[in-house]
Every structure is written in structure tokens, then in C-alpha cells.
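First to last, the sequence lines map onto chains U, R, D, C, V, B, P, G, L and Y.
Using the numbering used here, read the first sequence as starting at 259 and increasing by one per residue.
Using the numbering used here, read the second sequence as starting at 259 and increasing by one per residue.
Using the numbering used here, read the third sequence as starting at 259 and increasing by one per residue.
Using the numbering used here, read the fourth sequence as starting at 259 and increasing by one per residue.
Using the numbering used here, read the fifth sequence as starting at 259 and increasing by one per residue.
Using the numbering used here, read the sixth sequence as starting at 259 and increasing by one per residue.
Using the numbering used here, read the seventh sequence as starting at 259 and increasing by one per residue.
Using the numbering used here, read the eighth sequence as starting at 259 and increasing by one per residue.
Using the numbering used here, read the ninth sequence as starting at 259 and increasing by one per residue.
Using the numbering used here, read the tenth sequence as starting at 259 and increasing by one per residue.
For every residue, glycine included, the Cβ atom is placed at its ideal position computed from N, Cα and C.
There are 10 protein chains.
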Amino acid sequence: MSERSGQNDELTLLGNKKTVYSFDYDPSVLESFQNMNTHRDYFVKFNFPEFTSLCPITSQPDFATLYISYVPDQKMVESKSLKLYLFSFRNHGDFHEDCMNKIADDLIKLMDPKYLEVWGKFTPRGGISIDPYVNYGKPGTKWEKVAFDRLAKHDLYPEKIDNR
Amino acid sequence: MSERSGQNDELTLLGNKKTVYSFDYDPSVLESFQNMNTHRDYFVKFNFPEFTSLCPITSQPDFATLYISYVPDQKMVESKSLKLYLFSFRNHGDFHEDCMNKIADDLIKLMDPKYLEVWGKFTPRGGISIDPYVNYGKPGTKWEKVAFDRLAKHDLYPEKIDNR
Amino acid sequence: MSERSGQNDELTLLGNKKTVYSFDYDPSVLESFQNMNTHRDYFVKFNFPEFTSLCPITSQPDFATLYISYVPDQKMVESKSLKLYLFSFRNHGDFHEDCMNKIADDLIKLMDPKYLEVWGKFTPRGGISIDPYVNYGKPGTKWEKVAFDRLAKHDLYPEKIDNR
Amino acid sequence: MSERSGQNDELTLLGNKKTVYSFDYDPSVLESFQNMNTHRDYFVKFNFPEFTSLCPITSQPDFATLYISYVPDQKMVESKSLKLYLFSFRNHGDFHEDCMNKIADDLIKLMDPKYLEVWGKFTPRGGISIDPYVNYGKPGTKWEKVAFDRLAKHDLYPEKIDNR
Amino acid sequence: MSERSGQNDELTLLGNKKTVYSFDYDPSVLESFQNMNTHRDYFVKFNFPEFTSLCPITSQPDFATLYISYVPDQKMVESKSLKLYLFSFRNHGDFHEDCMNKIADDLIKLMDPKYLEVWGKFTPRGGISIDPYVNYGKPGTKWEKVAFDRLAKHDLYPEKIDNR
Amino acid sequence: MSERSGQNDELTLLGNKKTVYSFDYDPSVLESFQNMNTHRDYFVKFNFPEFTSLCPITSQPDFATLYISYVPDQKMVESKSLKLYLFSFRNHGDFHEDCMNKIADDLIKLMDPKYLEVWGKFTPRGGISIDPYVNYGKPGTKWEKVAFDRLAKHDLYPEKIDNR
Amino acid sequence: MSERSGQNDELTLLGNKKTVYSFDYDPSVLESFQNMNTHRDYFVKFNFPEFTSLCPITSQPDFATLYISYVPDQKMVESKSLKLYLFSFRNHGDFHEDCMNKIADDLIKLMDPKYLEVWGKFTPRGGISIDPYVNYGKPGTKWEKVAFDRLAKHDLYPEKIDNR
Amino acid sequence: MSERSGQNDELTLLGNKKTVYSFDYDPSVLESFQNMNTHRDYFVKFNFPEFTSLCPITSQPDFATLYISYVPDQKMVESKSLKLYLFSFRNHGDFHEDCMNKIADDLIKLMDPKYLEVWGKFTPRGGISIDPYVNYGKPGTKWEKVAFDRLAKHDLYPEKIDNR
Amino acid sequence: MSERSGQNDELTLLGNKKTVYSFDYDPSVLESFQNMNTHRDYFVKFNFPEFTSLCPITSQPDFATLYISYVPDQKMVESKSLKLYLFSFRNHGDFHEDCMNKIADDLIKLMDPKYLEVWGKFTPRGGISIDPYVNYGKPGTKWEKVAFDRLAKHDLYPEKIDNR
Amino acid sequence: MSERSGQNDELTLLGNKKTVYSFDYDPSVLESFQNMNTHRDYFVKFNFPEFTSLCPITSQPDFATLYISYVPDQKMVESKSLKLYLFSFRNHGDFHEDCMNKIADDLIKLMDPKYLEVWGKFTPRGGISIDPYVNYGKPGTKWEKVAFDRLAKHDLYPEKIDNR
Ligand SMILES: [Ca+2]
Ligand SMILES: [Ca+2]
Ligand SMILES: [Ca+2]
Ligand SMILES: [Ca+2]
Ligand SMILES: [Ca+2]
Ligand SMILES: [Ca+2]
Ligand SMILES: [Ca+2]
Ligand SMILES: [Ca+2]
Ligand SMILES: [Ca+2]
Ligand SMILES: [Ca+2]
Ligand SMILES: [Ca+2]
Ligand SMILES: [Ca+2]
Ligand SMILES: [Ca+2]
Ligand SMILES: [Ca+2]
Ligand SMILES: [Ca+2]
Ligand SMILES: [Ca+2]
């Protein structure tokens, strides 16, 4: 059916028997597969409104919507493994900014992408909410400059927030 | 009536007797016609919220809204044939990223456009959704740089997603 | 300051030293306080977009926004204790419908209210989402009929859902 | 100009020289004037998104949008005096439910209206928000039943809340 | 063309030569025409977001969106004359509630309708906005009860207001 | 395939060779077919944002979105024929209220439905817009009362209009 | 974990090994399970924006969002089996109204519920869209009247449609 | 009153006696007037949601919202004449792309502007909609580059379309 | 209290006794005060949805929302005086484009700002609406180029308009 | 748990015993902590819809939503201390522009960030609202140019404001 079917051995998660959910930070669940469209650069974005972790000081649950975008080089991240990885923060305590940086680091390590960005939009605590934005361009390529340009233009037109 | 009426022979689909729907990936249904406004460069965008294909591993149906934009050179894609082409993915199994790349490849082959982009926004599976974005500028023209610039600025302000 | 300050002994959670978060279903964290406005019937609604529990079969995390409304009799639920109670479903496995019924049962037991309703709006799994709605009117009072009337008129104009 | 101008002596606030703002709960700033349209019953609604008070336990500021509606009998509340009254909660500590009941009590005392309702929609604390709704119909009139009917139908279709 | 063309003599405003705008309250500009569909009762609603008048005390301009609905008996109000009538409040000083009652009175006098309602939603002054709602059912008909029922159910689900 | 296929002879428009568009009011294009689900009463609604006619006085084009709902008895209106019928107002001059009444009359004549309603929401002229609403319940049935009840409750919560 | 776990034998689909997707109308995939909360009546709503079927005349794909609500008696429909059932219309040709009636019939047969409703909102063809609404109350119970009352009040305030 | 009043002879349409509507493509109705603010460059945008023409093959009516922006040089287009010109497409058959190019050509010829753009957003046919975008900068001026830059950045963030 | 209090002599309007409203174009009501933050460049934006003037030909009232932004040099415009100035167009006849240019000219003369822009978004007449946009950068400074760049990028993503 | 736990001594506010709220401008409550991700530049944004201060002339309360974004160097601002700092404006009188500049100055002094911006969007007074925007890039670094570029591109697409 799909031209990618020769690659199915790599994909252990999608359609497999029994998914096991880890709720302790676990980057080892991440899986990659081969980019089949290396003849061009393109973007893939993941929308994930179900991110939750714990405050490392108070253990109160935190909630966020994550937007993760990247330009693949040779490898791509498998979406179900990404979901499991993000679910693994569930009972993990960490600051908002550190979570976003850690996710970026783990995905860079997994895929060695040309470009990557991670944007977390958290729900408020005490009337204030925090939205960290982290990005990366492969050093020595034109994507390094793209990363800086995107950072320099980040969120020029912020969405309206009223905590309701 | 229209100045384009001398060209009607080319347009076999619009207004014809009996449309046949293929639900197996079929790029041969694509039809082009002559660009009547070659004195300027301009954009044409198609909005298509009725894209559906199958997951190549599980056969579960996938759904997406597609945004396809291009700057024509000599040829343009006829909209009804484009619709039939997109409907032909209905019972075809393929990954999201591969579908978008394939659509771009087929339209480039059909029209040889100056510029083209294909953006798919899929509905979520397991809490996560995927939005591939693919673009192209004709090599050796200024549109090659436009394509890179648009890729480098892609989706700086992502829409809000909450899976509801 | 507040006329309710004589009642502060009851309120052990609000403003207290160190909140402990339980992530195992724990109705014992619920606390009530005295309704100071018994000269009239009135509604109190809680909005809680941070509900999460586990699927009892697969252990996959589920997410919902909860709307809880009630008309107090003598007792009211303290909001911080309600938050802790709802957070206690975090690592608890239960079906959507059972969670909503259980929350209603626990709050009825705690407060013995005149009227109560619990509405959960879950995020989709596999393209489909589930919204259970449970309500209650104190038997033998006019609120019993109100409960049936509200059930009979429930959600006549459902919100638009497109899973994005 | 206006047919109401003979009544201007009553209206000491609107257009007066120097407004004094009290930030301590002060129902004495409320002023009423004569209803000029007693030949029919009608509604007047006030929208007030600038309500703020203090938590009586922690002194943390609370914020709400208030919707106040009434059907006048002989007297009406002057809008600028209502604003000053609502601003007078600024440094006053009280629970959400008690604030709404107190506002209703004060306006009933001032105007002796046929019908009145007060709805407060507060911003969240710790992920949960509270919306008290209080209403009143003059005892012994048909508005007593209207008040119960409106309470029984209150907020059947709650607005979507996501704390952002 | 239209079946109503025999009635055109009545309609002096629509399509006429030269419209004269009065900016002093002037109910004489109102024109009615014959209801051609007396075989059934039906609603006609006018939306008018361009209402402006003056504060009778301070002369500051006030602004509102008006929603006017009615069920005609024999006569209907011509829409261009209604517009001119509403524009005639431009330099007229009057309180919000009095404006809405006056508009209702004038339209009842003009048309003798079965049912009529006028809802004004004003922009805020000093953080507070006022929305009067006035209605009427012809005495001695079933529309008298309809008017009371609509008043009793008025604005149960108020729109969200944040003054932005 | 469909259980309704024995009925296809009735349906001359859907899927037929060559659609002819009339732009002169033409109720003869309306076609009905047999209701296959007479074991229950149910609603069918048509949304039609492409209605246009001419002002009978000035010939200026008018535009509206139409919402047509009905409960069928034995007959149903075929949607493509309804579209052609609505398009036939294109060069026809008539007042807004008369158009809506005429459409209701024609559909009642075609289908003899249990219940029917037609709501037109027109774009503004000179700052004011008109929304007629017409309904019908079959005399002597319970739907006659339903029609009156729906009329009596019509548009209690009008949409926000700002002409932009 | 869950109190419902003794019932897991019934639930063959959720969390099982290998889901098989049928794309031919197949009510046999529907599965029910026992209602664990028979001590009260409550609503369960399913949102399903991924419904697609074929036009029985032209075979063109149709798309709709479905809203299915019910009040269970002894049995409930398992959500994954409902999803598979709805997916089984994928290559099935049927009219919009017939699909909605068939879904209602199949779910009534499966669950014998106290109350059920099915609302389909289809995308437009040729500028017009169709939204059938079907409901049911168990004969001889109070839910029979509820069904009629909900039908009589159906969609009094239709959503705005502009086909974009 | 206005400083532009010496120019009124040019403006034959605004406020004149009797407007004649042509429904056959007629660029001769376009009128220009003198730009009174030549000391600076500035933009003027027209919003026109009432564009309709005919499909040149099937004669089915097409509908679009048009956004027309320009930077004037010496001449400006009079808005009422522009409306009449756009209405003149009503019974004219032409493809979407050709309509937009023709409008641009006619306005360039009329005004010889520094910059001009025309964006049409059409309603869908068969599930797909088309949005052509055409622009122009006066050759040999800096606006030629502006036109290319705006084309190169066109619609980077497309609006969400769901055909409802 | 404020560090700006030594400057209060300049501010004759804010908090003063009796505001006088002029409804004839009157730039003399504009007042400026000293910029206290000259150590950096920054933007100030005014939102004014209550602009109204008269058509210079027909005297029909026009309505607009104005957005005025500027980067101050030494002087700033006092907001209450700006409001009075904008209200002074109330009975003044002028074309949309001329109003916006005049406002820009008057504010440039008052403040001699580094940068200024004025955007008016008018309500439709006859189905078409006009939005002029005017800007300015101080000649000989880098703001001259900023003004051109902002003009060249103006409104690339126009808001959706449907005249409702 | 968190890798940042060695740093907890610095964080005296988060999770501490008893928060004290100051309502007099008090920059001393601001606390910083160490940036743990100095291997890359990234953005952190705070959304704060609960800002309120007093007008320095009239003492009327002002309300705003604040958006504060920065790129950290070595230090970051602790979010609870930022909240307390912003709450400390509650009974402080200052002009809108001065508040925003003061907040920027205090945060620059606290953190010495690479980049910082503060955007306040205030509610209207008398029909007009004010939105100051202040930014900063560390002198002598590339962020100085970023600050100017962001200022030059500030708010090119202002949100729609209608004061409701
Ligand atoms: Ca919000
Ligand atoms: Ca959403
Ligand atoms: Ca899913
Ligand atoms: Ca949605
Ligand atoms: Ca909070
Ligand atoms: Ca909190
Ligand atoms: Ca929200
Ligand atoms: Ca105000
Ligand atoms: Ca608002
Ligand atoms: Ca108009
Ligand atoms: Ca609008
Ligand atoms: Ca729409
Ligand atoms: Ca279509
Ligand atoms: Ca839409
Ligand atoms: Ca609109
Ligand atoms: Ca608004």
C-alpha cells in the first residue's frame, strides 16, 4: 500500500499490540524513522494540547499546549512515540522553561534536524501564565540564521489572554 | 461570454455529463488549462477541508484540511479535476507527510508552476495532530528564493489548538 | 475584614502552609464550609479545564474541562479542596461516565445540596469525544423537578466541534 | 433638552465637579433616581468587567466581570454611583459568593426593584474559577416566580473556559 | 415586478431624489406601509449598529447597537424611514433607558404592532456599560402574554463583555 | 446501494446531465421526493448563504443568508431543486419580507409539511439590516402550536451585529 | 483499578490487539456494555467531526459533523465500536436524512435507550448544506414527551453559516 | 463644508437622483476623482462581500468577498461607481482568476495608481474553494518592488476554512 | 504620587470641572504634554471605535473605528483632548480619506512625533466599506524609512468582512 | 526531582508559607534566579490580565492586560515575585505610559536581559483606550538591532476593538 511499508520494522509503536505508558520522564521511548522526502526541505508541526507536568517545588500539576515544528534532515520523529514521550512528563517535576528546553534537546539528539522549535503555552497560576519558546538551527547551515531570525520575530502579535 | 471560451475543449470535467469518482490514488485525473493572465504573476489558492486518506499501518481513516497555493507559469490546474484527484486518496494508505509531498510533486509535474505550496492540517489521533507544510520555487528563478523565504517564515504564529 | 472570618477554622486549606497533592482518587480531601446566604437560593459554578484521569483499560491519559454547578443548602464546597479532589483523579483509572457520576456522588454526600450538576467535556480519542452530563435535585423538594427539567433541556444547542 | 432634566437635582454624580473614589466597601455612595417609564416593565443590564476585591484569607486580589440586570419599580440606580460602589470593593476582603449576595442585597435595599440578578465570573486561582449567580423577585408579585424560573434555567449552556 | 408596486406611492423615501437628514429627534420622519402577508404572523428584525445620541447632562456622545424586532399587524415600518428616525437622535440629549422607551412608544404609535421589542447595547463610560431592553404585546391579545414571557426570559445567557 | 434507489426516477436533477439556471422567480423548478422515514418526526435544515434578489424600487442587489427548516410529512424537497429555486430570485425584484413569505408559501404548497420555517438575514443598506422570520405549522395538528411557540420564542438571543 | 473492570470481557475493542476497519455499512460492529450508574438518569454525548459517506446518486463523497446524545437505560454504546460503526459508512451510498435515521435506528436497537438524538451537519454542495436532526424517546415513558419537546425546540438559534 | 467641494462636478454618482444598475460587465461606470492628499503616500482599502458572477461553463452563480487595496497617485476611484462596476459582473460569465485580473486591469487603467491589489475569496463548489490574488506596482517606481514583495509574502497565514 | 505631577498644569482636561463638547471640527482642543521617557523609543496606540462624521455630499452620518499609533519625540497627545478632537468631527462633512489625512496632519503639527499612523475602518454604505491608512516618519530620521516599510507591508492579512 | 533543585534557596516565594501582598509600588519584591539553559537564546512570555493601577490625576482605577516577553541572559525573573510586583501597582497612581516604562526599567535592572518588551492594553475611558508598547535590546549586542526591528514592526495588524 504505502511506499514506506518497507520501513515498517522501524515503527514498533504505530498499530502495535499493547502500548505501555510511562509517567516518569523517559526520552528512551522516542523513535525515529527515515525521511522519505529528502529531495526538499519542509516543515512538520505537532499540536499537543495535553501536556502536563508537576511543579518541582509544590508538586502542583501544570498544564500546557505544545506546538513543536521542525524541518527534517534524514530522520523524523514517529508521532505516537512523541506522544508517549510527552506523556512521560506526567509525574515529573520541572520548571516550564526547563521542560521546553529538555524537549528540544531530546528531539535534536534523536533526529539531528535542520531546524526545530518548541513553544509551550501554560495555564495560569495566581493570575499569571508563562509561555516559553525555544528554537534551534543546525550550526554551520543556513538554518542557523533561520533560527535566529525566527527568534527575533517571535510572537510579534501575541494572542489575547483573559484567563477565561 | 467568457474570453476563455475558445479553451473549453480542454476542460472536460467542468459541466460535463457524468463525473466518475476514483477512490484509489490517481494523478491521471488532473487536468490543466492555459493561464490567460501571463502579463502578471499572481496567486491562486485552493481551500479543501474534505481531504481523507487511510493510515498505511492501521488503515484508520485520516482527515485534514488542505491549503494549496501557487503562482502559475503557463498552465493552471482545473479545480474540479483537483477535487477529483484529492478525493482519489480516499481509500489510499499513506503517511501524512508523504501525502503532502506527493500532492506537491504531482502538481509541479502537471503545471510546472513558478511557485507552489501544500499545507495539510490533520485531525488528532491520541491527542496529537500533525500539520506538514511543503513548498517549491522553480529552480533558477527568483521563486526559488521566495520558496525558501516562505519556508523560513512558515507558521510563525500558529493557530490555537485544543482538540475540540 | 470578612464577615465570614469567624468561620476560618473550618477552612484548613486556603492560605495554609503547605499543600499536599494526592494523585490517587481521594474524596477525603473535600472540605465544606457554612453557607452564609441561606436567605436565598443561588447558583455557584466551578470551571475546571485541568481535569485528567487514566483510561482504566489502556492507562492512556484522558483530559477534560469540567463544569460543576450547584445550589447550596447549608453547606458549600471549599474551592481549593475541590481542586485537590479533582487533581486526585490524576493517576486513577476510570471511564468518563463513571468519573462524572462519582464526582456528583461525592459532592452530594459532602454538601447535601439542593441541586447539583457535573458536565465533563473530554478531548477526542480516535476522532470521537465524549461529554457526560450528570445532575441531581434533592428528593422531595422542588429541585427534584428542576433537575429533571434541566436534564430534559440539556445541551439543545451543542457547541461546534472540529477536533482542532 | 431631556425630559428628565427636572430630575437633575437628584443626580449628584453625573457631570459633577470632582469624583471621590472610595476603596473601602461603601454602599452609601449608591444613588437612585426616578423611573420615568413606569407604564411598562423593562430590563436594564449593567456590564462591569472591572470588578476587583481581595481574598479575605490571603489578601490576594480577585478579579471578575459582573453582569447586573434588573426590572425597575419606582427607582433606578444611577450608573456612575453604581460604578463607584463597585470600585469600593477594591481593598475589601470577602468571598466571591458573599460579594455577589451583598451587591444584590444593597441594590434591593436601594431600589426595591421588581426583579434583580447579579452574576460574577471570576478569574481562576490554581486552575479553578468560580461564578456565583444570585437573583431576586419581589415577594408577593409575579416576579417572585420569574426569579425562581430564571434560577432554575440558569446557565444551561455554559461558555467555554480554557483559562487562556 | 414586485407585487407590492401598487403601494409605491406610500414609500416616499426609498429610491427618492434627495434624502434630508435631521439630527434633532423627529418621529415625524417615520413612514409605514401595508403588511402584504397578513395570512400569517411573522417577525421582522432590524439591526442598527450606528445609533448615537448625547448624554443629557454632559452632552458627551453615546453609542449603541440597536436590535428592534416586531410582529406586524396591518402596518410595517419602512426601513429607510426608520434609519432616518434613528439618525435623528444624533444631537438629541436623553438617557439610555428613555431613548429605548421612546423608540418603542413611537413605533407602537406608528404601526400598532402585535408585538415589539427594542434592545440597546451601549458602549461603556468609565468601565461600565448599560443595555436597556423594552418590549410590548398588544393588550387583550395573546401577544400580551408573549411579551411578558419574553421579558421574563430576557438575556438568560448574556454575551461576554470585556470592554475591548 | 441506497434503499431509496427505487425512487430515483423522481429525482431528475441530482446527477443529471445539464443543469439549466433560471434567474427569474420560478417555483416550477422545485421537486419533491418521498419521505422514507415516516416512522418518526424529524427536522431537516438547509443553510443557504448565497441568496440574492433585487430591490423592487431601486433594482439594487440584495444579499442574504437563508436558514430553512422543516419537519416532513409525506414529501421532502430535493436539495438541488431548492438551490435552483432560490437562485431563481437572482433578477427578481421583491421586498425582503415578501421574499421570505413567498418561499414559505411555495415550500408549503410543494411538500405539505408538518412544520416549516424560513429565516433570512440580509446585509445592511445605509447602516441598517433586516432579518424576516416566517414559520408555519399544519393547521389542526400539534405542529400548529409548535409554530406559535417557536414564533413566540424567536431570536431571544440575537447575534452580535457590527456591519463589518 | 476501575470498578468496571469485572466487565472488561464485554469490551473487546478498547485496547485490543488489532482493529479491523470496515468501510461497508456494518451495524454488527456496534458493542454495548452495562450502565453502571442506573441510580440516576444522565446524558452522554458523542462529538464526531469525521463522518463521511457517498452520495447514492453521484457517488461523490459527503462530509459531516455528527452530534449523538442519549440517556442510557441498562446498556451503553462502547465509544470505539461507535467510531468503527460510523467509519463503516465510508464507502456506503445513502442520502443525508437516511443516514441519520439509520444511525438512530441502529443505536436504539443496540441499547434500547431512554432517549436518543442524532444531529448531522453536512458540508455544502453547490452552495447549500443540509443538517438533519432525528430524535427518539422510549414509548410509554416520560422520555417520549421529552423527545417531542426537544424536537419542538430544535435549533431555535441556528449557528451562522457562510460556507467558508 | 468639505475642502473637496469644488470637485463635486466630477462626482456624478454620490447623492445623485437615480442610480441605474447594469448587470452586464461594464467598466464604463467607473469614475475617478482627484487625490487631495498627494503630499503623502497612503493606502485605501475597499471591502466588498457582495461580489457575484456566473460560471462561464455552467452559468451557476459564483459568490465572493473582494478586498481591493491601492496607493493612489493623482486619481482615486469613487466608491459608489466601484460598487456599480462590481455589481455589473452579476450576469457576466467568467472564471474566478479572470475576474480578478480584469478588475485589476480596469482599475489600473482608470487610476494609474502607484500600487493596487485585488483579492477574491470565493465560496466552495463541490467542497473546494478558490481565492485568486492579483497585484501591481507602477513599473519604474519603488512600488514595482513593493508589489513583488507583497506577492512573495502573500497569505503566509491562511484563514481557517471548514465550509460552514 | 506620580512622577509626572509637576506637569499637571499642562493637563487642563483630565479631571477638570466641566468638559465642553464641540461638534464642529476643532483642532484647537488638542493638548500635548511632555514625554517623560525620552531615554527610549516606544509606541503608544489609541483605539477609538466611536468616530463619526458626515458625508460631505449627502450629509449621511459615517461611522468608523480608528487606530492611531505613534512614537513620541518630546511631546505626547493627551488622551482626553484627543477624544474631544475626534468627537469634533461629529457634525463635520468630509470624505473618509480626507478625515484620516487631516487627523494625521493635526497630530503631526501638535506633537512633531518620530512616527505616526492613522487607520480608519468605516462601516459599509451600499454593501461596500472603505478603510484608509495614513502614516508618517519624521523626514531625515530612520523613522522615514520605517514609515515606508510599514506602508509597504500594510494589511497583508486583511480581517474577514461580511457586513454583519 | 528537578535538576534545578540545588537552586531552591534562591526561590523564597514559590511554595513558601505566607505570601504578603503589597499594594504600594514596590520593586523590591522582584526576585531572580539563574538561567539553566544558557546554551541557547530563547523567549519567555508572561501573560497578565489582572493589572490595575490608579489614574494619578483622578484616582480612578485603570485596568490592563500585560504581555511581558524577554530573552534571558544569566538571570530570569521568578513568576510569583513578578506577580507580586505587578500587584503592587494596585493603589499606585501613574500614567499608562509611565507604568509600562517603569516595569521595563525595573525588569532590566533586575535581570540585565538580552531583550525585553512590555505591552499594556488598557480598558477604555470615555470611549478611547491606550496601549503603550516598550522594548529594549542590550546595547552593543545584536539584540539592540532586534529591539529596533521589533519596534519598527510593532502591531502592524491591530486587533479589532469595539469597546464591548
Ligand atoms: Ca480567553
Ligand atoms: Ca479549538
Ligand atoms: Ca485520537
Ligand atoms: Ca474547534
Ligand atoms: Ca490562577
Ligand atoms: Ca493560582
Ligand atoms: Ca478561553
Ligand atoms: Ca469610559
Ligand atoms: Ca470583548
Ligand atoms: Ca449601505
Ligand atoms: Ca460583525
Ligand atoms: Ca462560516
Ligand atoms: Ca459545493
Ligand atoms: Ca468556517
Ligand atoms: Ca462580520
Ligand atoms: Ca470587542
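Query raised in the report: Closer than 7 Å: is that where the CB of I419(B) sits relative to any heavy atom of ligand 7?
Result: no
Query - Helix, strand or coil at P390(B) [DSSP, three-state] - result: strand
**Report entry** Contacting positions in the segment 382 to 405 of chain D - beta carbon closer than 8 Å to chain P
**Finding:** P382, R383, G384, G385, I386, S387, I388, D389, P390, Y391, V392, N393 and Y394
Report task. Tell whether a beta-carbon distance below 8 Å holds between P390(G) and H354(G). Result -> yes
Query - Where the alpha helix (DSSP H) through S286(B) begins and ends - result: Segment: none, S286(B) is in no alpha helix (DSSP H) and carries neither H nor E.
Query - Inter-stretch contact (C-beta, 8 Å, three-pair minimum) for the segment 317 to 327 of chain B and the segment 371 to 380 of chain B - result: yes
Query - the segment 292 to 299 of chain B touching the segment 285 to 293 of chain P, judged by at least three CB pairs closer than 8 Å - result: no
Query raised in the report: Leaving out the 5 sequence neighbours to the left and right, which residues in its chain are closer than 8 Å to N401(L) when beta-carbon positions are compared?
Result: Looking at the sequence provided, one finds Trp at residue 401(L) rather than Asn. Result list for W401(L): V329, K372, Y373 and G395, in chain order.
**Report entry** Cβ neighbour criterion (16 or more within 10 Å) applied to S327(U)
**Finding:** buried
Query raised in the report: Does the Cβ of R422(L) lie closer than 7 Å to at least one heavy atom of ligand 14?
Result: no
Query raised in the report: Applying a beta-carbon distance threshold of less than 9 Å, which residues of chain U neighbour P371(R)?
Result: Under the 9 Å cutoff, chain U gives no residues; its nearest Cβ is about 14 Å from P371(R).
Report task. Measure the CB-CB distance between Y283(R) and S346(R) and report whether it falls below 8 Å. Result -> yes
Requested in this report: Classify Y343(P) as helix, strand or coil using the three-state DSSP reduction.
Outcome: helix
Query raised in the report: At a CB-CB cut-off below 9 Å, which residues of chain G make contact with T310(B)?
Result: E308, T310, P319, F321 and R348
**Report entry** Any C-beta of chain B under 8 Å from that of R408(V)
**Finding:** yes
**Report entry** Under 9 Å by beta carbon: chain L residues contacting K379(B)
**Finding:** R422
Requested in this report: Classify K408(P) as helix, strand or coil using the three-state DSSP reduction.
Outcome: Note on identity: in this sequence residue 408(P) is Arg, with Lys being the wrong assignment. Of the three classes helix, strand and coil, the one that applies to R408(P) here is helix, per DSSP.
Query raised in the report: So with Cβ pairs under 8 Å, would you call K418(L) a contact of chain G?
Result: yes
Query raised in the report: What is the DSSP secondary structure of Q303(L), counted as helix, strand or coil?
Result: The identity of residue 303(L) in the sequence shown is Lys, whereas the question assumes Gln. In this structure, K303(L) counts as strand in the three-state DSSP scheme.
**Report entry** Span of the beta strand (DSSP E) around L368(G)
**Finding:** Note, L368(G): premise wrong, no beta strand (DSSP E); alpha helix (DSSP H) at H354 to M369.
Query raised in the report: Residues of chain Y with a CB under 9 Å from the CB of H297(U): which are they?
Result: Those do not exist, as H297(U) stays about 30 Å from chain Y at its closest Cβ, beyond 9 Å.
Query raised in the report: Could you give the distance in angstroms between the alpha-carbon of I388(P) and the alpha-carbon of R408(C)?
Result: 34 Å
Requested in this report: Below 8 Å between beta carbons is the criterion; list the residues of the segment 325 to 348 of chain Y that meet it against any residue of chain C, in chain order.
Outcome: F345 and R348
Report task. Have a look at T316(B), D331(B), F304(B) and H350(B) and flag the residue whose alpha-carbon is nearest the alpha-carbon of P337(B). Result -> Inspection of the sequence shows that residue 337(B) is occupied by Ser rather than by Pro. Here the closest residue by C-alpha is F304(B).
Query - Sequence-distant residues of the same chain with beta carbon closer than 7 Å to N349(R), five excluded per side - result: F281, D282 and L312
Query raised in the report: Based on the DSSP secondary-structure assignment, which residues constitute the bridge partners of S211(Y)?
Result: Given a span of 259 to 422 for chain Y in the structure shown, any question on residue 211(Y) remains unanswerable.
Report task. Report yes or no: is there a C-beta of chain D within less than 8 Å of the C-beta of D413(U)? Result -> no
Query raised in the report: Would you say Y432(D) reaches chain U, if we count a Cβ-Cβ gap shorter than 8 Å as a contact?
Result: Past the edges of chain D, shown from 259 to 422, lies residue 432(D), and the structure says nothing about it.
Requested in this report: Return helix, strand or coil for K333(C), following the three-state DSSP convention.
Outcome: strand
Report task. Could you give the DSSP three-state label for E402(G): helix, strand or coil? Result -> helix
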